[in-house]
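Only one structure is covered here, and it is reproduced in the block below.
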Amino acid sequence: MLSDNEKKGSYGRNLLLMLSLTAITFAVILSGNDMENFIQALKTSRFIWLLAGLGCMLIFVSCEAINMHHISRSLKRPLSLSRCEQYAFIGFYFSSITPSASGGQPVQMYYMKKDNIDLADSSVMILFIVFVYQLAMLLFAGIMALLHPGPAMQTAGHLKYLLPFGLIMNGGAAALMALFLTSEKIIQNLLLFFLRAGARLRLIKCPRESRDYWLKEIRRYHQSALLIRQNPLLFLRVLMISLLQMAALSSVPYCVYRALGCSARGPGELMTCQSILTLSASAMPTPGAVGAAEGGFLYAFKDIFDAENIKTAMLLSRGISLYIFLIISFCVCMAVHIRTSSSEI
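Per this note's numbering, the sequence shown starts with residue 60, numbered consecutively.
Structure (structure tokens):
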């Protein structure tokens, strides 16, 4: 049990973290966006289609939770679907407020550790999910381009500078994660490099003990990775759910399109444009791809929406796919943080 002073210190740190996350959330939401125009667009849109867009985003987040649930069962460390849903929302929140979506996975592993999930298991689980997600992003965009070559060529032409960057970054990330999942030697060499650098900079007080601890964790990590590699049906299941996840995300602009009273274009055309935009902008080193996603939307959908509606469509689409779910995810993060902190006291 903690003393009264330790409890007060813990409460103080938790409160400071809450306030910091609140400030970051609203800074991301308000930066570079005309909230008055967004609210006005909400008032004049068809509400049922906006709800459909929110439903698509709920499917998007829940697909990660389902994948996490399946993988944990394969690792013989079954997690409840509700707990996986919490981790998925945590990942969405921290990925959205950090550059290149780099913060989501470490924080997910942090809260898994608080729930007594081994680092070796959580790291394999998260890495495998991200690896398959990268593959699904590339594959889904390719499938939509084959099904709708006209809109795909137009969108690629509008994003001619952004798309090659996205292809290189996402393709490279998928290849790198595949190596991490299959090669124990690469992980060991990277670990030893960072441990030596840390020892030289006097950042690591006990190099030998640290080396022994992390080599042990790597062995456990690759034992978990081996269980996944020996289960090809798991890969196919996770890939199919990840493709559904990409379809849900890519459906948001179509819901906005219908919410604005438009119906001339089919869902496949808008999903094609969004899948290529997601591939292009997702790797941009800004929190939530802010800037690239908004600007890219104006280019990617310039042949879909007219000049009067395209900015409204962009605000609604980003509002549904990022800003509203950022607030929802923030609330989930706070609930999980309070739960895990209270269990430590």
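Every residue gets a Cβ at the ideal spot worked out from N, C-alpha and C, and that includes glycine.
Residues near residue i in its chain [Cβ-Cβ closer than 7 Å; skip 5 each side]
i	result
residue 221	339, 340, 351, 355
residue 395	145, 149, 170
residue 228	342
residue 369	357, 360, 361
residue 215	222, 335
residue 324	316, 363
Check: residue i C-beta below 7 Å from any heavy atom of the ligand COA
i	result
residue 247	As far as ligands go, the structure on display features none, and thus does not contain the ligand COA.
Cβ neighbours of residue i in the same chain (closer than 6 Å, five flanking residues each side left out)
i	result
residue 304	119, 122
residue 154	160, 163
residue 421	For the chain, the structure presents residues 60 to 404; residue 421 sits outside this window and is missing.
residue 213	362
residue 188	126
residue 328	207, 210
residue 270	254
For residue j and residue i, the rounded distance between their alpha carbons
i	j	result
residue 309	residue 333	5 Å
residue 311	residue 224	23 Å
residue 156	residue 385	9 Å
residue 321	residue 209	20 Å
residue 132	residue 171	15 Å
residue 366	residue 100	15 Å
residue 291	residue 125	17 Å
residue 226	residue 197	8 Å
residue 391	residue 207	38 Å
residue 250	residue 181	18 Å
residue 129	residue 103	41 Å
residue 231	residue 371	34 Å
residue 117	residue 359	24 Å
residue 205	residue 400	49 Å
residue 389	residue 152	6 Å
residue 268	residue 296	39 Å
residue 265	residue 139	38 Å
residue 256	residue 380	41 Å
residue 258	residue 248	15 Å
Whole-angstrom C-beta distance between residue j and residue i, which should lie under 8 Å
i	j	result
residue 38	residue 190	No information on residue 38 is available, as it lies outside the stretch 60 to 404 that the chain covers here.
residue 286	residue 134	6 Å
residue 199	residue 342	Their Cβ separation, rounded to whole angstroms, is 16 Å, which puts residue 199 and residue 342 out of contact at 8 Å.
residue 254	residue 336	Actually they do not touch by this definition, with Cβ atoms about 41 Å apart.
residue 330	residue 203	6 Å
residue 136	residue 185	13 Å between Cβ atoms; not a contact.
Alpha helix (DSSP H) segment containing residue i, residue limits
i	result
residue 167	163-173
residue 341	Neither: residue 341 is in no alpha helix (DSSP H) and is coded neither H nor E.
residue 376	369-377
residue 215	208-217
residue 229	221-241
Beta-carbon contacts of residue i that lie in its chain and below 8 Å, excluding the five residues immediately before and after
i	result
residue 194	233, 298, 301
residue 241	284, 288
residue 377	92, 352, 353, 356
residue 245	238, 239
residue 387	148
residue 142	174
Proximity test, Cβ basis, 8 Å: residue i and chain C
i	result
residue 397	You won't find chain C in this structure, because it holds only one protein chain.
### Query
At what residue ranges does the segment 103-186 contain a whole run of the alpha helix (DSSP H), taking only runs of 4 or more?
106-133, 140-155, 163-173
### Task
Scan the segment 292-335 and note each continuous alpha helix (DSSP H) run of 4 residues or more that stays entirely inside, going in chain order.
none
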